[in-house]
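From first to last, the protein sequence lines are chains A and B.
The letter at position 70 of the first sequence is residue 124 when you use our numbering, and the numbering goes up by one with no holes.
The letter at position 193 of the second sequence is residue 194 when you use our numbering, and the numbering goes up by one with no holes.
All C-beta atoms, glycine included, are put in the ideal place defined by N, C-alpha and C.
First comes the structure, then the notes that go with it.
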Amino acid sequence: MNQLPGITASARLRLRRGARGPSAPMSPLARREARQGLLFIAPWILGFLAFTAFPMVATFVFTFLNITLAQTEPIHFVGLDNYVQLANDKQVWDSLSVTLRFAILWLPVSIVVPFVIAVGLNSRYIRGASIMRTLFFMPYVVPFVAGVLVWQQMLSDSGWLNDVLRALGWSKPPSWLFDINAIYPALVIMGVWGIGAGIVINLAGLRGIPTELYEAARIDGAGAWAQLRHVTIPMMSPIIFYTLILGVIEVLQYFLVPLVLKNGTGEPGGSTMFYNLNLYLTFFNYQEMSYGATMAWLLFGIALVITMILFWLARRWVYYAGER
Amino acid sequence: MKRRTAAEATRVAVLTTLFAAILVAFLSPLAYAGLQSLKTPEQITRPNSPILPSDPATYEWQGETYDVYYVPLPDGTTRELALVKKGRQQSDFVDPANPGAGPITWVGSWRTLEQPWQLAPQWANYAEVWNLINFPRALRNTIILALVGTFATVLSCTLVAYGFARFRFPGRGMAFTLLIATIFLPAAVTLIPTYTIFVKIGWVGSWLPLLVPPFFANAYDVFLLRQYFMTIPRDLDEAAMIDGAGPLRVLRSVVLPQAWPVIVAVSIFTFVYSWNDFFGPLIYLAGHDDLQPLQVVLAHFNGIYYQNPAFIQAGNVMTLLIPVVLFVIFQRAFIRGIVITGVEK
Numbered sequence: 055m056n057q058l059p060g061i062t063a064s065a066r067l068r069l070r071r072g073a074r075g076p077s078a079p080m081s082p083l084a085r086r087e088a089r090q091g092l093l094f095i096a097p098w099i100l101g102f103l104a105f106t107a108f109p110m111v112a113t114f115v116f117t118f119l120n121i122t123l124a125q126t127e128p129i130h131f132v133g134l135d136n137y138v139q140l141a142n143d144k145q146v147w148d149s150l151s152v153t154l155r156f157a158i159l160w161l162p163v164s165i166v167v168p169f170v171i172a173v174g175l176n177s178r179y180i181r182g183a184s185i186m187r188t189l190f191f192m193p194y195v196v197p198f199v200a201g202v203l204v205w206q207q208m209l210s211d212s213g214w215l216n217d218v219l220r221a222l223g224w225s226k227p228p229s230w231l232f233d234i235n236a237i238y239p240a241l242v243i244m245g246v247w248g249i250g251a252g253i254v255i256n257l258a259g260l261r262g263i264p265t266e267l268y269e270a271a272r273i274d275g276a277g278a279w280a281q282l283r284h285v286t287i288p289m290m291s292p293i294i295f296y297t298l299i300l301g302v303i304e305v306l307q308y309f310l311v312p313l314v315l316k317n318g319t320g321e322p323g324g325s326t327m328f329y330n331l332n333l334y335l336t337f338f339n340y341q342e343m344s345y346g347a348t349m350a351w352l353l354f355g356i357a358l359v360i361t362m363i364l365f366w367l368a369r370r371w372v373y374y375a376g377e378r
Numbered sequence: 002m003k004r005r006t007a008a009e010a011t012r013v014a015v016l017t018t019l020f021a022a023i024l025v026a027f028l029s030p031l032a033y034a035g036l037q038s039l040k041t042p043e044q045i046t047r048p049n050s051p052i053l054p055s056d057p058a059t060y061e062w063q064g065e066t067y068d069v070y071y072v073p074l075p076d077g078t079t080r081e082l083a084l085v086k087k088g089r090q091q092s093d094f095v096d097p098a099n100p101g102a103g104p105i106t107w108v109g110s111w112r113t114l115e116q117p118w119q120l121a122p123q124w125a126n127y128a129e130v131w132n133l134i135n136f137p138r139a140l141r142n143t144i145i146l147a148l149v150g151t152f153a154t155v156l157s158c159t160l161v162a163y164g165f166a167r168f169r170f171p172g173r174g175m176a177f178t179l180l181i182a183t184i185f186l187p188a189a190v191t192l193i194p195t196y197t198i199f200v201k202i203g204w205v206g207s208w209l210p211l212l213v214p215p216f217f218a219n220a221y222d223v224f225l226l227r228q229y230f231m232t233i234p235r236d237l238d239e240a241a242m243i244d245g246a247g248p249l250r251v252l253r254s255v256v257l258p259q260a261w262p263v264i265v266a267v268s269i270f271t272f273v274y275s276w277n278d279f280f281g282p283l284i285y286l287a288g289h290d291d292l293q294p295l296q297v298v299l300a301h302f303n304g305i306y307y308q309n310p311a312f313i314q315a316g317n318v319m320t321l322l323i324p325v326v327l328f329v330i331f332q333r334a335f336i337r338g339i340v341i342t343g344v345e346k
């Protein structure tokens, strides 16, 4: 508790001024409560200002400057130069296309697979669902680098996957990690390994659906498929939506797996030069801070637009049971 | 009625078997890592070698070690014989069961023969990797980073969540919305200035960029804790306050004792999360081998020893063992944490 004296002291100064702001008269008791509450959330307020709000604004300001880490020339205003360069940078658009193509492949898988497994685990025809849930979750806690390196060999030509495929009669199974046409499916396979959290969330959502709804559906003559279509999916739509939004944000920033798997080379044939890998190389290897910030801002804009479209579409299909 | 139970039993059998099979496939990479890590480089490169870590069988004869092969003999039997003299058209073998009889000449190419294998896990791989990656040092770094990160996160998030759950103050609703919104903010948009500043103030190359931010709370854990705190009735809070307890005291003696399950969940969660953090240590500790945690060391190790898959897999197993064991022990708390953040939004 005594770890943060400096932080809380400065927070108090700042917050006391803020707390006096609202004009509605407050009783001394209410004022004390407000002061205490703000004091408790002070670590987050400071963290938000220091690690979110300020860097966000700074990222935006960077895009109009010429900041590099070495800073060989003096910092000055460059207008829209970075944006012009960005618009004409073939690598940027290529890497954006890599990210979007992978997203189109990965997002449906990342939504459907955990949902289907959760529906199976929630079935009354399954035994040992609880232990299975735990085991499905387990790879989620495997440190990410270790996971990638395990899969790197699982998917190699002498790995188990191709051994199994050959045993099933596929004489020349794909060279997963070295073939442009196989690398995205390979990345999807690796991604599926980490869907444990999705299964757990879906399963908890399924268990929260009132059984009366299924009984009513059965009385109306609904079969298993109709129940899934008209009860389960609408009732699960908020969770599906939440997973989708987080999934979009995540997949737009996807690059750590290819970074470890291919050492950031973008091999094979540039197919793993994801947008964020390009961004990472720009600011970390080439130390072009302003240009990297411009790339980050473009990514943020894209994420924002997609999220807003999804929220807008959500009104048509996401059903919140608690709403009137 | 009887037919219906039979149909049900079939369904149970089919679905359970199907899911068990999926699970076996799902977890096979872990088995793969474990088995590969115990093999010799020779076995890994040899096609059609057994699944279990093994060595080709050998036999010692007159002070020399010879490989053993399955040899089909003219009398129709196949015997395990040691190859003592290789030849293109014919080779000499010794029968380990009857070495006194001396070499037997066998006509045919020995290269077409198959070898018997015997189980031989190479535990020495682990010892070697232990030294190669300086495992004790990497482990110590990982543990310190994870422990301090967990302590800082639990401390700050508990305070903040308590503030959101129990106090009314102007702008609370907006602040909470803002907090939740940060979950959806792409990290890339704050990364570059943050990194630049950490470089400028000389923190890069130290643990500070990894250890200081956790003291300022994060949205996930605040949300998780706040949801739980909201379910704890306020009666006891109020009783304690009437008795003159201040807010910190109420938190410590009334709220926390009732919130143990969620505190444990957040702690385990954060510990495993810090253990598995890769990008932060990668960019902030680049070039500082002595400070790097396991994952960064492992990625680097893979760059050097990728031609020795057994070593890589031994390193993987050594890295994943602790989080997996922690998960197995605390799986209830873990899964509850996921459920609260994922479902109650």
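The DSSP-derived three-state label of Thr117/A is coil. Shown here for Phe295/A: same chain residues with a beta carbon closer than 6 Å to its own, the five before and five after excluded, namely Ala368 and Val372 in chain order. Between Ala188/B and the set Thr126/A, Trp351/A, Phe94/A and Phe118/A, the nearest pair of CA atoms involves Trp351/A. When secondary structure is reduced to three states using DSSP, Gln91/B falls in the strand class.
Chain-order list of chain A residues neighbouring Phe328/B: Met192 and Val195, by C-beta distance under 7 Å.
As DSSP reads the structure, Ser291/A sits in no beta bridge. Among the residues of chain A, none has a CB under 7 Å from the CB of Tyr221/B; the nearest is roughly 11 Å distant.
Three or more pairs of CB atoms, one per stretch, sit closer than 8 Å, so the segment 329-338 of chain B contacts the segment 261-278 of chain B.
It is roughly 18 Å from the alpha-carbon of Ala34/B to the alpha-carbon of Gly245/A. A residue is called buried when at least 16 other Cβ atoms come within 10 angstroms of its Cβ; Leu134/A does not meet this threshold and is exposed. The beta carbons of Ile180/A and Thr17/B sit closer together than 8 Å. No Cβ of chain B is located within less than 8 Å of the beta carbon of Asn120/A.
Distances from the alpha-carbon of Ala102/B to those of Phe20/B, Ala83/B, Leu156/B and Pro117/B put Ala83/B closest. The way I'd put it, the segment 256-275 of chain A does touch the segment 290-305 of chain A; three or more beta-carbon pairs between them come closer than 8 Å. Inclusion of Asn120/A and Ser344/A in the CB contact set at 8 Å is warranted, their separation being smaller than that value. For Ile264/B, the nearest beta carbon of chain A is not closer than 8 Å to its own beta carbon. For Gln314/B, the chain A residues whose Cβ falls inside 8 Å of its Cβ are Leu203, Val204 and Gln207, in order along the chain.
Counting every other CB atom within 10 Å of its CB across the protein chains shown gives Arg227/B a total of 16 or more, marking it as buried. In terms of Cβ geometry, Leu31/B and Pro54/B do not form a close pair [threshold 8 Å]. Taking CB atoms only, Thr154/B has no neighbour in chain A less than 8 Å away. The residues Ala88, in chain order, have a CB closer than 8 Å to that of Met80/A in the same chain once the five nearest residues on each side in sequence are set aside. In terms of beta-carbon proximity, Ile193/B lines the interface with chain A, with at least one pair separated by less than 8 Å. Per DSSP, the unbroken alpha helix (DSSP H) holding Trp351/A starts and ends at Met343 to Trp371. For a Cβ distance threshold of 7 Å, residue set Trp214 of chain A lies close to Ser29/B, ordered along the chain. Where Leu209/A is concerned, there is no enclosing beta strand (DSSP E), because DSSP gives it neither an H nor an E.
Only those residues of the segment 327-350 of chain A whose C-beta falls short of 7 Å from the nearest C-beta of chain B are listed: Asn330, Leu333, Phe337, Phe338, Met343, Gly346, Ala347 and Ala350. Counting along the chain, Ile105/B sits inside the beta strand (DSSP E) bounded by residues Ile105 to Val108. When C-alpha distances from Leu209/B are compared across Ala26/B, Leu192/B and Val149/B, the shortest belongs to Val149/B.
For Asp76/B, no alpha helix (DSSP H) segment is defined, and its DSSP state is neither H nor E. Taking 8 Å as the CB threshold, Asn317/A lines the interface with chain B. Contact check for Leu310/A against Phe20/B fails: the beta carbons are separated by 8 Å or more. Shown here, Asp290/B sits in a helix according to DSSP, grouped into three states. Shown in chain order are the members of the segment 256-280 of chain B whose Cβ falls below 7 Å from a Cβ of chain A: Val273, Trp276, Asn277, Phe279 and Phe280. By DSSP's assignment, Ser38/B forms no beta bridge with any residue. Residue state for Glu61/B is assigned as strand, using DSSP reduced to three classes. If you look at Trp118/B, you'll find it in the beta strand (DSSP E) that goes Trp118 to Leu120.
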